[in-house]
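> Those letters in the sequence shown? Residues 7 to 102, by our numbering. All C-beta atoms, glycine included, are put in the ideal place defined by N, C-alpha and C. Before I ask anything, let me first share the structure, which is written out below as structure tokens.
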Amino acid sequence: MLKQVQQMQSKMAKVQAELESENVEATAGGGAVKAVATGSQKLVSISIDPEAAGDVEMLQDLVVAAVNEAMDRSRELAASRMQELTAGLGLPPGLL
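This is the structure:
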């Protein structure tokens, strides 16, 4: 049992390391703002189309929307990877 737990910890560490290097991308405003985040919910970059810079309030809203979408996709990616890892354990959904 202890060996299985150690193997699981090792596999989880590997998945977490992989998530660090995987990126997800989200856009807002028809691509005017693009946010890129890692699978471990770290924002990597924001790209803004210069034409979107005219209306500051709209631009702020677009940045927030793109970042939120990127973070949602990042969490979904992480949850999917953890679910794959724990599929054979019989744990309740959402436990890890």
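Applying the 10 Å Cβ sphere with the 16-neighbour rule, what's the burial state of Ala32?
With 16 or more other Cβ atoms within 10 Å, it is buried.
> With the cut-off set at 7 Å, would you say Arg87 and Val21 are in Cβ contact?
Closer than 7 Å, so yes.
> Tell whether a beta-carbon distance below 7 Å holds between Ala84 and Leu25.
In this structure, Leu25 lies closer than 7 Å to Ala84 by Cβ.
> Is the Cβ-Cβ distance between Ala43 and Leu49 less than 7 Å?
Result yes, Cβ atoms of Ala43 and Leu49 sit closer than 7 Å.
> With the cut-off set at 7 Å, would you say Ile54 and Val39 are in Cβ contact?
Going by C-beta atoms, Ile54 is nearer than 7 Å to Val39.
> Taking DSSP as the reference, what is the three-state secondary structure of Ala71?
If DSSP states are grouped into helix, strand and coil, Ala71 belongs with the helices.
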